[in-house]
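Under this note's numbering, the sequence shown is numbered contiguously, ending at residue 1496.
The C-beta atom is built at its ideal place from N, Cα and C for all residues, glycine as well.
Presented below is the structure to which this report refers.
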Amino acid sequence: MIYLDHNATSPYSVSVKNFIKNEMIDAWANPSSEHAEGGKLANEIKLIRSEIADALDCSSKSLIFNSGATESINTVLSEDNLSSFGVKRIISSAMEHHATLDRLKYLESKGWEVAYVENDREGRINRDHLKNLLQDPRKALLTILYANNETGVINPIKEFANDVHSAEHLIHVDAVQALGKIKLSLSDLDADFASFSGHKIGALKGIGCLYVSDIKSFKPILHGGGQERGYRPGTLNYSAIKSFMLALKDVMTIDLERMHEIRVKLEKELKGIGIDINCESSERLPNTTSIMIPNHVGREILYQLSRKNIYVSTGSACSSGSFEPSHVLKSLGLSKDEANSCLRISFGFNPVYEEMHELITSLTEIVKS
Ligand code: PLP
1128 MIYLDHNATS
1138 PYSVSVKNFI
1148 KNEMIDAWAN
1158 PSSEHAEGGK
1168 LANEIKLIRS
1178 EIADALDCSS
1188 KSLIFNSGAT
1198 ESINTVLSED
1208 NLSSFGVKRI
1218 ISSAMEHHAT
1228 LDRLKYLESK
1238 GWEVAYVEND
1248 REGRINRDHL
1258 KNLLQDPRKA
1268 LLTILYANNE
1278 TGVINPIKEF
1288 ANDVHSAEHL
1298 IHVDAVQALG
1308 KIKLSLSDLD
1318 ADFASFSGHK
1328 IGALKGIGCL
1338 YVSDIKSFKP
1348 ILHGGGQERG
1358 YRPGTLNYSA
1368 IKSFMLALKD
1378 VMTIDLERMH
1388 EIRVKLEKEL
1398 KGIGIDINCE
1408 SSERLPNTTS
1418 IMIPNHVGRE
1428 ILYQLSRKNI
1438 YVSTGSACSS
1448 GSFEPSHVLK
1458 SLGLSKDEAN
1468 SCLRISFGFN
1478 PVYEEMHELI
1488 TSLTEIVKS
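In structure tokens:
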């Protein structure tokens, strides 16, 4: 199998596999139990939290474990939190993940004002338009991707945070796809909120964390036990939390330069067989390439590749099943036919060039036929 759909989910990292095989079976206790078995896991979670905080370069007090980025995004964009942080309006982009866009649609239906900042064909946010939107004195929350899951385009978050804070607004970063694929330091980024997901870096599914700079103003969306200091009640999933830490440590050792070189080489060969690269001139993730195969239907090519055990995706996994072209590609200004002729190739943390070569060989056969 040649798996080139890592932006949808990543196979378990080496350390996570070892943990599952050797330790997970014994890690069943409830970390909130007062007996020794529970206490042991609670102590471990304390250590894990500080290891994750070190890796993300933030205080461990600002991290809340939860089920993943969909939950984080919905929590930051909950009406309780928007009110608590004094937010009166929201700014976002049309290229966000559905977790954000669908939440924003819901907020709009409740009367919230949402402004969408313009972008160009290369997937770049129009910074002048953003600055314009930030001129409104009513406190705004900018919620924006660090890196786009379909095109891989990286937003200049530090610059956005600067614009946002100079105008006394707030910024939430969906950092799901950036984690492990670019150097990331929360203290350097200066975001007010950031969302992360474990399964995109090789952890178990259903685990993520939310970073909140001003944790004291934060409001939970769930009410129950006192876990996560009441910010996210519910029995802690020790195994998933541990897998998140292990996967994070594994991806921190990745040679990003090599990843980037492989993408460049792959794209050169793709262009050589008449395939176009979306957002080619933008700064992009080292593992992601969105391609357009003129006069072909991406979904049909996906099925043909799948029969050869090569797995890619059309648009994001969350929108597969729907034959509407991806909202991200549409917002770049691609026509319906162009968007439907696109595929996303997203490789893993230790890419093997021979696998890319097999992809090229198969694509060449398909395109020629
Ligand atoms: N944001 C981005 C950019 C994503 O790619 C995803 C996953 O597809 C999510 C948010 C949702 O993350 P999770 O699966 O942890 O809910």
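Cβ neighbours of residue i in the same chain (closer than 6 Å, five flanking residues each side left out)
i, result
"Ala1267", "Arg1216, Ile1218 and His1296"
"Asn1208", "Lys1346"
"Ile1472", "Leu1131, Thr1416 and Val1439"
"Met1483", "Leu1393"
"Pro1452", "Lys1463, Ala1466 and Asn1467"
"Glu1235", "Val1241"
"Ile1402", "Ile1418 and Ile1420"
Own chain residues within Cβ distance below 7 Å of residue i, not counting five before or after
i, result
"Cys1445", "Legend: pLDDT at Cys1445 = 48, less than 50; position of this residue unreliable, value from coordinates given subsequently. Excluding sequence neighbours, Cys1445 sits near His1225."
"Thr1097", "Outside the displayed span of the chain (1128 to 1496) sits residue 1097, for which this structure offers no information."
"Ser1187", "Arg1176, Ser1177 and Ala1180"
"Lys1258", "Asp1290"
"Glu1355", "Ile1191 and Phe1192"
"Lys1139", "Correcting the residue type first, residue 1139 is Tyr in the shown sequence and not Lys. Excluding positions up to five away in sequence, the list reads Ile1147 and Gly1329."
"Asp1382", "none"
"Val1141", "Asp1377"
Rounded Cβ spacing between residue i and residue j (contact assumed at less than 8 Å)
i, j, result
"Val1241", "Ile1252", "Not really, about 15 Å apart at Cβ, beyond 8 Å."
"Phe1323", "His1299", "In fact, because the Cβ distance is near 12 Å, the residues do not count as touching under 8 Å."
"Gly1329", "Ser1194", "With a Cβ gap of about 17 Å, Gly1329 and Ser1194 do not count as contacting."
"Cys1185", "Tyr1338", "6 Å"
"Gly1307", "Phe1476", "7 Å"
"Ile1437", "Glu1485", "7 Å"
"Ile1348", "Ser1205", "5 Å"
"Ser1366", "Met1151", "5 Å"
"Lys1285", "Leu1261", "Incorrect: roughly 15 Å between the Cβ atoms, too far for contact."
"Lys1327", "Thr1136", "7 Å"
"Ser1462", "His1423", "Contact doesn't hold; Cβ gap of about 14 Å is too wide."
"Arg1277", "Val1455", "Note that residue 1277 is Glu in the sequence shown here, rather than Arg. Contact holds; Cβ gap of about 4 Å."
"Lys1165", "Cys1406", "Reading off the sequence, residue 1165 comes out as Gly, not Lys. Not quite, the Cβ-Cβ distance comes to about 49 Å (not below 8 Å), so this is no contact."
"Lys1189", "Ile1342", "Correcting the residue identity first, residue 1189 is Ser in this sequence and not Lys. About 5 Å; that satisfies the 8 Å criterion."
"Gly1351", "Gly1361", "6 Å"
"Ala1294", "Ala1318", "Rounded, the Cβ-Cβ distance is 15 Å, inconsistent with contact."
"Met1379", "Ala1182", "6 Å"
Span of the alpha helix (DSSP H), counted from its first residue to its last, around residue i
i, result
"Thr1416", "Not the alpha helix (DSSP H): Thr1416 falls in the beta strand (DSSP E), residues Thr1415 to Met1419."
"Asp1315", "Leu1313 to Leu1316"
"Phe1371", "Tyr1365 to Val1378"
"Asp1290", "Ile1284 to Ser1293"
"His1454", "His1454 to Ser1458"
"Phe1146", "Val1141 to Asn1149"
"Tyr1233", "His1225 to Ser1236"
"Asp1207", "Glu1206 to Ser1211"
"Lys1167", "Ala1163 to Leu1183"
"Asn1467", "Lys1463 to Asn1467"
"Ala1196", "Ala1196 to Val1203"
"Val1071", "The structure shown does not extend to residue 1071, since the chain spans only 1128 to 1496, so no value can be given for it."
Enclosing beta strand (DSSP E) for residue i [first to last residue]
i, result
"Glu1240", "Glu1240 to Val1244"
"Tyr1217", "The question names Tyr, but residue 1217 is Ile in the sequence shown. Note, Ile1217: beta strand (DSSP E), Arg1216 to Ser1220."
Own chain, CB closer than 8 Å to residue i, minus 5 neighbours either side, in chain order
i, result
"Asn1246", "Ser1220, Ala1221, Met1222, Ile1252, Asn1253, Ser1458 and Leu1459"
"Ile1400", "Ile1487, Leu1490, Thr1491 and Val1494"
"Leu1429", "Val1439, Ser1440, Thr1441 and Leu1470"
"Val1143", "Gly1329, Ala1330, Leu1331, Ser1370, Leu1373, Ala1374 and Asp1377"
"Arg1230", "Ile1200, Asn1201 and Leu1204"
"Arg1265", "Lys1215 and Arg1216"
"Leu1397", "Ile1404, Thr1416, Ile1418, Ile1487 and Leu1490"
Residues sharing a beta bridge with residue i, DSSP
i, result
"Ile1472", "Thr1416"
"Val1300", "Ile1271 and Ala1321"
"Leu1337", "Ile1191 and Ser1322"
"Val1494", "According to DSSP, which records beta bridges pairwise, Val1494 is partnered with nothing at all."
"Asp1132", "Ser1473"
"Ile1085", "Since the first residue of the chain shown is 1128 and the last is 1496, residue 1085 is not available in this structure."
"Ile1281", "Ala1274"
"Arg1411", "Val1280"
"Ile1404", "Ile1418"
"Ile1252", "Asn1246"
Counting pairs of beta carbons, one from the region 1270-1282 and one from the region 1407-1417, are three or more of them closer than 8 Å? yes
Under 8 Å, with one C-beta from each stretch per pair, do the region 1197-1204 and the region 1365-1376 reach the 3-pair mark? Taking 8 Å as the limit for Cβ pairs, the verdict is that the region 1365-1376 does not touch the region 1197-1204.
Quick test of the definition: if touching needs 3 or more C-beta pairs under 8 Å, does the region 1306-1314 touch the region 1150-1169? no
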